[in-house]
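FYI, the numbering for the sequence shown is 979 to 1145, going by our numbering. Yeah, the Cβ is synthetic: ideal placement off N, Cα and C, and Gly gets one too. To keep things clear, I will list the structure first and then write my remarks on it.
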Amino acid sequence: MLPFRVCNALEPGFENWIRQQGDRIVVRRVHFPYTGPNDPEAHLYLTLEALGKVDQMHAKIFKAVHVDRIRLNKDEAIIDWVAKNGIDRATFLNAWNSFGVNTKLRQLARITAAYGIDSAPALVIDGRYMTSPAAVGAKLAPRDRAALFDATLQVATVLVDKAAQSK
């Protein structure tokens, strides 16, 4: 399993890849539930999704976790951090505790199992194909992290092409 910081390291290249793909793809981010069906970070992501705040908060969260080393892995820490970063605490808690968010949180384990995802980041293409730095690295043994990420996104491009041809 690759360490969580791989998501952050892949992010700039992934954002560039998304732009290059244009309207050929629709990106839907799903947080991998590392600690199981009650994963606090997945809960944070789904709550922000329900509030329509993912785009606004995504980079801030990555910076908090990976640069500032803020541990957002406990409910209280997450709720305090979100409130300090411009989201009304009561509004956030209402979404955090909502039936919809909690239902999606429980479904994450089934979704990741259905796609055979056992590490993050992973890319699922057209609901049929999955690739990840871990899978690519196991087969290609790239020379360094940059080569690994480039190879992963090249595989993703091939899978996008394959999905488009089969429609």
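What number of angstroms, rounded off, separates the C-alpha of residue i from the C-alpha of residue j?
i, j, result
"Asn1063", "Gly1105", "34 Å"
"Thr1013", "His1021", "11 Å"
"Arg1049", "Arg1006", "24 Å"
"His1009", "Ala1028", "14 Å"
"Leu1055", "Ile1065", "Checking the displayed sequence, the identity of residue 1055 turns out to be Ala instead of Leu. Cα to Cα, the separation comes out at about 14 Å."
"Leu1083", "Leu1024", "7 Å"
"Leu1071", "Ala1061", "10 Å"
"Thr1109", "Ala1124", "16 Å"
Going by C-alpha to C-alpha distance, which of the options sits closest to residue i?
i, options, result
"Gly991", "Leu1137, Ala1129 and Lys1031", "Ala1129"
"Pro1015", "Ala1091, Ala1119, Asn994 and Thr1109", "Ala1091"
"Leu988", "Gly1115, Ala1087, Pro1111 and Gly1078", "Pro1111"
"Ala1141", "Glu993, Ile1003 and Asn994", "Ile1003"
"Trp1074", "Gly1030, Phe1040, Tyr1107 and Ala1124", "Gly1030"
"Gln1132", "Lys1145, Ser1144 and Leu1101", "Leu1101"
Looking at the strands, I want to know which residues DSSP matches up with residue i.
i, result
"Val1102", "Met1108"
Quick one: what does DSSP say residue i is sitting in, helix, strand or coil?
i, result
"Tyr1093", "coil"
"Ala1015", "A small fix is needed here, since residue 1015 is Pro in this sequence, not Ala. It is coil, neither helix nor strand."
"Val1032", "helix"
"Asn1080", "helix"
"Ile1048", "coil"
Near residue i, which residues of its chain fall below 7 Å by C-beta distance, leaving aside the five closest residues on each side in sequence?
i, result
"Asp1017", "Pro1011"
"Ser1076", "Ala1028"
What residues in its chain sit with their C-beta under 6 Å from that of residue i, if we drop five residues either side in the sequence?
i, result
"Leu1086", "Pro1011 and Ala1020"
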